[in-house]
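S.K.: Residues 250 to 430 in the numbering used here are what the sequence shown lists, from first letter to last. Just so you know, even glycine gets a beta-carbon here, dropped at the ideal spot from N, CA and C. Every value quoted in this text rests on a predicted model; they were computed, and no experiment measured them.
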Amino acid sequence: MQNTSLKSLNLSKNPFLPKGAVLFFRALKGGNSTLQFLSLASTCCGSVQVIMMICALLLRNTVMSHLNLNNTGLSDDGVTLISESLAHNTNLTSFCMSGNGLEDGSAHEIAVTLADKNSIQHIDLSSNNLTSTGMHVLIQSSTVQGQMRRLDLTNNKITPRQYMTLVKAVEDLALVGVVVF
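#1: Please list the segments of the beta strand (DSSP E) lying wholly inside the segment 322 to 379, counting only runs of 3 or more residues, in order along the chain.
#2: Shortest alpha-carbon distance to residue 286 belongs to which of 417, 315, 425, 360?
#3: Using a 10 Å radius around the Cβ and a threshold of 16 neighbouring Cβ atoms, would you call residue 326 buried or exposed?
#4: What three-state label does DSSP hand residue 288 in the structure shown?
#5: So who's on the other strand from residue 428, going by DSSP bridges?
#6: Provide the residue(s) that pair with residue 315 in DSSP beta bridges, ordered along the chain.
#7: For the putative contact between residue 268 and residue 291, defined by C-beta atoms under 8 angstroms, what is the C-beta separation to the nearest angstrom?
#8: Run the CB neighbour count on residue 413, radius 10 Å, all protein chains shown included, and call it buried at 16 or more, exposed below.
#9: Grab me the residues of residue 350's own chain with a C-beta within less than 7 angstroms of its C-beta, minus the 5 sequence neighbours each way, in chain order.
#10: Which same chain residues end up closer than 6 angstroms to residue 347 when comparing Cβ atoms and leaving out the 5 residues on each side of it in sequence?
#11: Report the three-state DSSP secondary structure of residue 257 (helix, strand or coil).
#12: For residue 385, count neighbouring C-beta atoms within 10 Å of its own C-beta (all shown protein chains included) and say buried if the count is 16 or more, exposed if not.
#13: Would DSSP call residue 296 helix, strand or coil?
#14: Spatial neighbours of residue 294 within its chain, please: CB distance less than 6 angstroms, with the 5 preceding and 5 following residues excluded, ordered by chain position.
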């Protein structure tokens with residue numbers, strides 16, 4: 250039986266292991282078309298099997314607006330898979346991936362997603378391993394996308410000189426107050 254009333258699900262900081270997450274996603278296998286908010290922050294949901302389950306959910310759910318995967322162990326490969334799945338969701342406005350050790354490859358994948366998704370307004374990539382190269386790609390894609398209200402890039406790997414270069418790019422692209430370092 251399909252659940253058609255569940256709109257928000259916050260499983261943050263739940264100690265379930267990937268096996269428990271797989272059982273959870275199997276319970277939603279019928280396809281929850283009404284789930285708008287999903288938070289798995291600070292869980293062990295970064296395994297390939299769990300990421301595939303998240304992707305399957307995103308493919309079936311076109312109304313999800315908030316996805317929080319902060320501190321889940323999400324990998325660069327996981328970001329690639331999720332970004333591809335987001336092509337089917339036109340309502341996602343908030344995508345949080347803080348504290349996952351993501352690198353510039355993820356920034357490029359997210360930039361491609363941003364170019365195709367005019368609904369995303371908030372991305373949290375704070376506390377990862379992004380360099381000025383990945384950050385610059387994200388800043389550029391934010392102007393193409395046009396709807397970005399907040400791009401959080403705090404606590405990543407940049408030098409003071411790179412910081413100044415990025416601040417100049419943000420100013421030149423009129424994104425002051427949108428991009429946060």
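M.R.: Quick look at the numbers:
#1: 343 to 345, 371 to 373
#2: The residue given as residue 286 occupies position 37 in the sequence shown. The residue with the shortest Cα to Cα distance from residue 286 is 315.
#3: Locating residue 326 in the sequence shown gives position 77, where the first residue counts as 1. Burial call: exposed.
#4: Sequence index remark: in the sequence shown, residue 288 carries index 39 (1-based). If DSSP states are grouped into helix, strand and coil, residue 288 belongs with the strands.
#5: Within the sequence shown, the letter at position 179 stands for residue 428. Per DSSP, 400, 425.
#6: By one-based count along the sequence shown, residue 315 stands at place 66. Partner(s): 286, 343.
#7: By one-based count along the sequence shown, residue 268 stands at place 19. By one-based count along the sequence shown, residue 291 stands at place 42. Going by Cβ atoms, the distance from residue 268 to residue 291 rounds to 18 angstroms, so no, they are not a contact pair.
#8: To locate residue 413, count along the sequence shown from 1; it is residue 164. By the neighbour-count rule (16 or more Cβ atoms within 10 Å), residue 413 is not buried but exposed.
#9: In the sequence shown, residue 350 corresponds to position 101, counting from 1. The answer, listed in chain order, is 377, 378.
#10: Here residue 347 refers to the residue found at position 98 of the sequence shown. If we look at residue 347 and ignore the five residues flanking it on each side, its Cβ neighbours are 319, 373, 375, 376.
#11: Translated into the one-based positions of the sequence shown, residue 257 becomes position 8. DSSP places residue 257 in strand when its eight states are reduced to three.
#12: As a working mapping, residue 385 is identified with position 136 in the sequence shown. Buried: at least 16 other Cβ atoms inside 10 Å.
#13: For the purposes of this step, residue 296 is taken as residue 47 along the sequence shown, with counting starting at 1. Residue 296 falls in the coil class under three-state DSSP.
#14: In the sequence shown, counting from the first residue as 1, residue 294 sits at position 45. Closer than 6 angstroms at the Cβ level, and outside the excluded window around residue 294, lie 270, 321.
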